[in-house]
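Input: a single structure, listed below in structure tokens.
Residue numbers (the UniProt record's numbering): 1 to 60.
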């Protein structure tokens, strides 16, 4: 889950501001877990790029 990914990346503090590299690492971990749990082939680089692009557009 997202909470597990944030714990693994040590990003659970609300005041922590994530940089782009941390977002990429968190998204990659999240999609890898999703692929493993669901046993579905996911194009992880494409999903990370699309999600990062969306996040940057929303919060920029």
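Don't be surprised by glycine CBs; every beta carbon is placed ideally from N, CA and C.
| query | Roughly how many angstroms separate the alpha carbons of residue 43 and residue 31, rounded to a whole number? | reply | 9 Å
| field | Close Cβ partners of residue 51 (< 6 Å) along its chain, the five nearest in sequence each way excluded | value | 27
| On the premise that residue 3 lies in contact with residue 33, defined as a C-beta separation below 8 Å, what is that separation, rounded to the nearest angstrom? | The beta-carbon separation of residue 33 and residue 3, rounded to 11 Å, does not stay under the 8 Å limit for a contact.
| task | Assign residue 20 to buried or exposed, taking buried as 16 or more other Cβ atoms, counted over all protein chains shown, within 10 Å of its Cβ. | result | Under this definition residue 20 is an exposed residue.
| residue 20 (DSSP reduced to helix, strand or coil) | helix
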